[in-house]
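Numbering of the sequence shown is given in the working numbering, commencing with residue 17 and proceeding in unit increments. Yeah, the Cβ is synthetic: ideal placement off N, Cα and C, and Gly gets one too. From a predicted model like this one, the values you see are computed outputs, not experimental measurements.
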Amino acid sequence: MGSPKIAAVRGMNDLLPAQAPLWEAFEAQAVRTLQSYGYAQIRTPILEATALFRRGLGEVTDIVEKEMYSFVDSLNGEALTMRPENTAGVVRAAIEHSLLYEGPSRLWYMGPMFRHERPQRGRYRQFHQVGAEALGLAGPDVDAEQIVMLGRLWRVLGLAGVRLELNTLGQPPERARHRAELIRYLEGQHDRLDEDARRRLHSNPLRILDTKSASMQELVAGAPRLLDYLGEASLTHFEQLQQLLRSAQVDFAVNPRLVRGLDYYNLTVFEWVSDRLGAQGTLCGGGRYDGLIELLGGKPAPACGFSVGIERVIELMRDNAGASARPDCEVYVLHQGGATFEPAMRAAERLRDCGLDVILHAGEASLKAQMKRADASGARYAVIVGEQEAAESVAAVKALRTSDQADEFAQQQTVALDLLAPTLAKLLRPD
Ligand code: HAM
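So this is what it looks like as structure tokens:
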């Protein structure tokens, strides 16, 4: 009897080879786009002190209250958490290494994040983000630039129908005044509040405005609006951002209900949303967090950033990409073992020296069986080093793809081993 199987942890996915090309294409385009706006990479650890997230994201956020993978290190008693997001980690690193000492910093990161949420389509317990943080810049120019950069990313990825929602949260004192008025208003309507709203009345009254309950819509519509509590500076920041987006021809909708799920935001918040992803339609969220650097012990400095949920973008890219599987290699080298193996291995190395992707057949099999493998690999050419070829220091070359019929190797031809690599490199890399 075999041993029982061990499965992956729920909500944590394997990335299988068939999906890898799409991820690699996304990653290359994302990095390219970020670099073209002057962002430099930063890599921070997956484990951080739990206190970083409790202080940075806010004690009463969903993430901190119930979604963090936190544990006590049994070796030294430290309270650690697997990062649920990376803005706090990047800010921690920027403070620790004095990155802002010489001026602003534009940083990007990519990697896994961990949240103990209920898994469903588009929502996983290990998921991946690529994000950018502009530290030390007050905006609204950089807020607009980040949004324009994201618009460019969707364009180069060929994603259609991604909408931008925009809001402003003002500054903490403005929010506090609005919150007090909102609570007063809701208390006055106590009889009309549902159970959920009564529970949230004092902990998170803004979320009540998000209610789906039909009976409360009228009440919500009459509630005090944050926009009416914003001062001149906050309003100007928001208006200038909108003006910059209009002049860059980025479409957006102002959504006064957009509040985001983390406490560190002020002024600008935004989300990019798709209707083709079901319930988890937000591809990317971000905004300004001018208080976070100081909150985490740094010298006060403004900042703005966003994170893209890679799984969700890949799902949209998959809709567009046909089923074009990427070949495993360009050249498949066959041999007959024994004295043929070493010349075959040398030939494969020389082909790789010329920049080609090569699979050298491993193990023993008939040439017929190897040819089947060569064909299945998607290679353009098979190179055969049989006993006779090895004895004459040549290889037989055969084009494998039907579209190559005009190819000089449509019929099998022999080529001197010395000339093999340059000959195939010329065909596979014409420029
Ligand atoms: P967030 O809205 O929590 O923001 O996450 C950003 C994006 O990550 C979401 O829009 C979504 O696409 C993806 N995402 C979040 N949770 C999951 C999940 N469980 N499964 C799959 N995808 C998920 C942040 O993380 C902030 N750090 C963004 C930011 C950066 N703000 C300023 N700078």
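Beta-carbon proximity list for residue i, same chain, < 6 Å, skipping 5 on both sides
i, result
"residue 246", "186 and 190"
"residue 400", "350 and 412"
"residue 84", "97 and 100"
"residue 370", "437 and 441"
"residue 53", "165"
"residue 133", "83 and 139"
Residue interval of the alpha helix (DSSP H) (run including residue i)
i, result
"residue 414", "Where residue 414 is concerned, there is no enclosing alpha helix (DSSP H), although the beta strand (DSSP E) it sits in stretches over 410-415."
"residue 132", "Run containing residue 132: none; DSSP gives neither H nor E here."
"residue 110", "103-112"
"residue 201", "188-204"
"residue 173", "157-173"
Beta carbon of residue i nearer than 8 Å to that of residue j
i, j, result
"residue 194", "residue 261", "no"
"residue 296", "residue 138", "yes"
"residue 208", "residue 216", "no"
"residue 166", "residue 322", "yes"
"residue 448", "residue 78", "The question about residue 448 has no answer, for the chain in this structure spans 17 to 447."
"residue 159", "residue 304", "yes"
"residue 161", "residue 287", "no"
"residue 125", "residue 59", "yes"
"residue 122", "residue 104", "no"
"residue 177", "residue 291", "yes"
"residue 45", "residue 169", "yes"
Proximal residues to residue i (C-beta, below 7 Å), its chain only, five neighbours per side dropped
i, result
"residue 417", "396"
"residue 328", "138, 293, 296 and 299"
"residue 37", "342"
"residue 433", "359, 363, 409, 410 and 411"
"residue 30", "24"
"residue 240", "194, 197, 198 and 201"
Same chain only: Cβ atoms within 8 Å of residue i, ignoring 5 sequence neighbours per side
i, result
"residue 205", "235"
"residue 274", "181, 182, 183, 285, 286 and 287"
"residue 102", "60, 125, 127, 129, 145, 147 and 323"
Residue from the options with nearest C-alpha to residue i
i, options, result
"residue 67", "184, 58, 402 and 81", "81"
"residue 57", "84, 148 and 144", "148"
"residue 383", "356, 394 and 408", "356"
"residue 73", "393, 281 and 361", "281"
"residue 112", "49, 239 and 310", "310"
"residue 155", "240, 55, 249 and 244", "249"
"residue 406", "393, 445 and 354", "354"
"residue 42", "52, 51 and 173", "173"
"residue 34", "330, 182, 70 and 302", "330"
"residue 332", "39, 31 and 24", "39"
"residue 403", "447, 184, 352 and 25", "352"
"residue 271", "144, 279, 45 and 254", "254"
"residue 244", "231, 192 and 24", "192"
"residue 26", "429, 129 and 135", "135"
"residue 114", "317, 375 and 367", "317"
"residue 129", "171, 275, 378 and 28", "28"
"residue 63", "108, 19 and 50", "108"
"residue 175", "393, 427, 289 and 18", "289"
"residue 319", "313, 308 and 312", "308"
Residue interval of the beta strand (DSSP E) (run including residue i)
i, result
"residue 183", "178-184"
"residue 282", "282-290"
"residue 148", "142-151"
Chain B contact for residue i (CB, 8 Å cutoff)
i, result
"residue 60", "The structure shown contains no chain B; it holds only a single protein chain."
With a floor of 3 residues, list each beta strand (DSSP E) that falls wholly inside the stretch 24-96, ordered by position along the chain. Segments of the beta strand (DSSP E) lying fully in the stretch 24-96: 63-65 and 85-88.
Give the list of continuous beta strand (DSSP E) stretches no shorter than 3 residues that lie fully inside the stretch 363-438. Runs of beta strand (DSSP E) with 3 or more residues, each lying fully within the stretch 363-438, are found at 374-376, 397-401, 410-415 and 429-432, listed in chain order.
Where in the stretch 216-240 do unbroken runs of the alpha helix (DSSP H), each at least 4 residues long, occur, reported from the N-terminal end onward? Qualifying alpha helix (DSSP H) stretches, in chain order: 221-224 and 233-237.
Kindly provide the ranges of any beta strand (DSSP E) runs that are 3 or more residues long and lie completely inside the stretch 291-365, ordered along the chain. For the stretch 291-365, whole beta strand (DSSP E) runs of length 3 or above, ordered along the chain, are 298-304, 319-325 and 347-351.
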